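Going letter by letter, the sequence shown gives residues 1 to 202 in the UniProt record's numbering.
Glycine included, C-beta positions come from ideal geometry on N, C-alpha and C.
Values in this document were obtained by computation on a predicted structure and should not be read as measured data.
Beneath this line is the structure, given in structure tokens, with notes to follow.
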Amino acid sequence: MERTARVRILDAAHQLMLTVGLARATTKEIAKAAGCSEAALYKYFPSKEELFIHVLGERLPQLTPLLRSLVAEPGRGTLEENLTAIARQAALFYEQSFPIAASLYAEQGLKKRHDNAMRTMGSGPHKPIEGLDAYLRAEQDAGRIRPGADTFAAASLLLGACAQRAFAYEASPTGERPPVDDFAARLARTLLSGISVADGSA
Numbered sequence: 001m002e003r004t005a006r007v008r009i010l011d012a013a014h015q016l017m018l019t020v021g022l023a024r025a026t027t028k029e030i031a032k033a034a035g036c037s038e039a040a041l042y043k044y045f046p047s048k049e050e051l052f053i054h055v056l057g058e059r060l061p062q063l064t065p066l067l068r069s070l071v072a073e074p075g076r077g078t079l080e081e082n083l084t085a086i087a088r089q090a091a092l093f094y095e096q097s098f099p100i101a102a103s104l105y106a107e108q109g110l111k112k113r114h115d116n117a118m119r120t121m122g123s124g125p126h127k128p129i130e131g132l133d134a135y136l137r138a139e140q141d142a143g144r145i146r147p148g149a150d151t152f153a154a155a156s157l158l159l160g161a162c163a164q165r166a167f168a169y170e171a172s173p174t175g176e177r178p179p180v181d182d183f184a185a186r187l188a189r190t191l192l193s194g195i196s197v198a199d200g201s202a
């Protein structure tokens, strides 16, 4: 079955953003790789920033749906299981999104324009922190996290560590990232030791 133009554009954008970075992946090159005109690309995606958001949302591991489902049902599962699942998904998301977005940091003017576009669309890298903070506050209200615990700081610590895993280990002796499952479990246990009411098994 032939792929639709929209799917071809997303596939081409994902591949180009991975190989040359977001800054150098022009809509012209994306359209060419997708086998369509630039006008056709803009029919589906009004801007490169919107195309980037759809690549993140449709081609990379998903974190936001997991956070939303947990916020909707605080008390489901154990805290350790939930935070391990969040850390695993976040680590995979940052691992795959970092090569795409890294080129933005090479040119401050481009990054500023990109940030402004993300702000206009109500998106940006702060959103997962807000989502995890909302989940932790819901668990706090349910009595599974200490009343005085700083949920925003806890969310920032967990997701910051997941983002660090994406690029901080390339200069290590092995040049390899910590295995994602072990990394996520250890991160969740360590975070819980500082914020949970008991041991996170509630």
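- Counting other Cβ atoms within 10 Å of its Cβ, glutamate 49 reaches 16 or more and is therefore classed as buried.
- A contact is defined here as three or more CB-CB pairs under 8 Å, and the stretch 137-155 fails this definition with respect to the stretch 55-65.
- Note on geometry: alpha-carbon atoms of threonine 174 and asparagine 82 lie some 30 Å from one another.
- Separation of leucine 70 and tyrosine 135 (C-alpha to C-alpha, rounded to the nearest whole angstrom) is 6 Å.
- Boundaries of the alpha helix (DSSP H) harbouring histidine 14: 5-20, taken from the DSSP string.
- Boundaries of the alpha helix (DSSP H) harbouring arginine 186: 180-195, taken from the DSSP string.
- Around the beta carbon of phenylalanine 45, 16 or more other beta carbons lie within 10 angstroms, which makes this residue buried.
- Look at the beta carbons and you see the stretch 184-193 touching the stretch 85-93: at least three pairs across the two are nearer than 8 Å.
- For arginine 88, the enclosing alpha helix (DSSP H) has its first and last residue at 79-101.
- Annotation for lysine 28: Glu38 place their beta carbon closer than 7 Å to its own, counting only its chain and skipping 5 residues before and after.
- By the neighbour-count criterion, in which a residue is buried when 16 or more other Cβ atoms sit within 10 angstroms of its Cβ, phenylalanine 93 is buried.
- In this model, leucine 79 and proline 99 are separated by some 31 Å (Cα to Cα).
- Excluding sequence positions up to five before and after glycine 57, its CB lies less than 7 Å from no other CB in the same chain.
- Taking all protein chains shown into account, glutamate 139 has 16 or more neighbouring C-beta atoms within 10 Å of its C-beta and is therefore buried.
- For arginine 59, the uninterrupted alpha helix (DSSP H) run begins and ends at 48-59, by DSSP.
- Counting every other CB atom within 10 Å of its CB across the protein chains shown gives alanine 72 a total below 16, marking it as exposed.
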